[in-house]
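Participant: Numbering (the numbering used here), first residue to last: 251 to 384.
1) Which of helix, strand or coil does DSSP assign to residue 264?
2) Mind reading off the beta-carbon distance from residue 281 to residue 295? Whole number of angstroms is fine, and I expect it under 8 Å.
3) Should residue 353 be labelled buried (16 or more other beta-carbon atoms within 10 Å of its own) or exposed?
4) Between residue 317 and the rest of its own chain, which residues show a CB-CB distance below 8 Å, the 5 nearest in sequence each way excluded?
5) Which whole-angstrom value describes the C-beta separation of residue 306 and residue 322, a residue pair presumed to lie in contact below a C-beta threshold of 8 Å?
6) Pull up the distance between the alpha-carbon of residue 303 and that of residue 273, whole angstroms please.
7) Along the chain, where does the beta strand (DSSP E) containing residue 320 start, and where does it finish?
8) Name the DSSP beta bridge partners of residue 299, please?
9) Where does residue 256 sit, in a helix, a strand or coil, going by DSSP?
10) At the level of alpha carbons, what is the spacing between residue 288 and residue 333?
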């Protein structure tokens with residue numbers, strides 16, 4: 251039988267993995283700040299990514315039983331939004347309250363940055379661009 255896990259962030263700085271069937275906490279990981287956005291799951295790399303108000307982006311291994319932190323990136327400004335994954339490249343897109351949008355590769359290295367005209371509180375939406383949009 252499939253075990254359903256519900257993952258959610260909390261104001262108490264933890265990412266929780268809740269076992270839906272058994273009504274219990276399977277694990278929790280401290281992420282360094284309050285988590286307002288939804289975690290992003292990347293099954294291709296067996297990782298879950300979460301961002302928090304301290305500006306940390308955390309990559310957590312989904313491999314059982316460790317659920318260990320693989321890397322953390324200090325973005326330099328609070329992140330209130332959900333992260334988005336570009337499934338073609340594997341990059342994680344983060345929107346910061348200082349108006350910066352960054353993409354990190356699966357190793358936590360910045361691959362591009364863009365600045366918009368004001369604070370960002372909503373998450374990014376990643377889709378394939380039509381040739382006319384590039």
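For glycine and all other residues, C-beta sits at the position ideal for the given N, C-alpha and C.
Facilitator: According to the data block:
1) For the purposes of this step, residue 264 is taken as the residue at position 14 of the chain shown. Residue 264 falls in the strand class under three-state DSSP.
2) Residue numbering aside, residue 281 sits at position 31 when the chain shown is read from its first letter. Residue numbering aside, residue 295 sits at position 45 when the chain shown is read from its first letter. Residue 281 to residue 295, Cβ: 18 Å. No contact.
3) Along the chain shown, read from residue 1 onward, the residue named residue 353 stands at position 103. Under this definition residue 353 is a buried residue.
4) Here residue 317 is taken as the residue at index 67 of the chain shown, counted from 1. So the qualifying residues of the chain are 267, 277, 279, 310 and 311.
5) Taking the chain shown and counting its residues from 1, one reaches residue 306 at position 56. Taking the chain shown and counting its residues from 1, one reaches residue 322 at position 72. Contact holds; Cβ gap of about 5 Å.
6) Taking the first residue of the chain shown as 1, we reach residue 303 at position 53. Taking the first residue of the chain shown as 1, we reach residue 273 at position 23. So the alpha carbons of these two residues sit roughly 28 Å apart.
7) Walking along the chain shown from the start, residue 320 turns up at place 70. Unbroken beta strand (DSSP E) run through residue 320: 319-324.
8) Numbered from its first residue, the chain shown carries residue 299 at position 49. Answer is 290 and 309.
9) To locate residue 256, count along the chain shown from 1; it is residue 6. Reduced to three states, the DSSP call for residue 256 is strand.
10) Start at 1 with the first residue of the chain shown, and residue 288 comes out as number 38. Start at 1 with the first residue of the chain shown, and residue 333 comes out as number 83. The straight-line gap from Cα to Cα measures roughly 7 Å.
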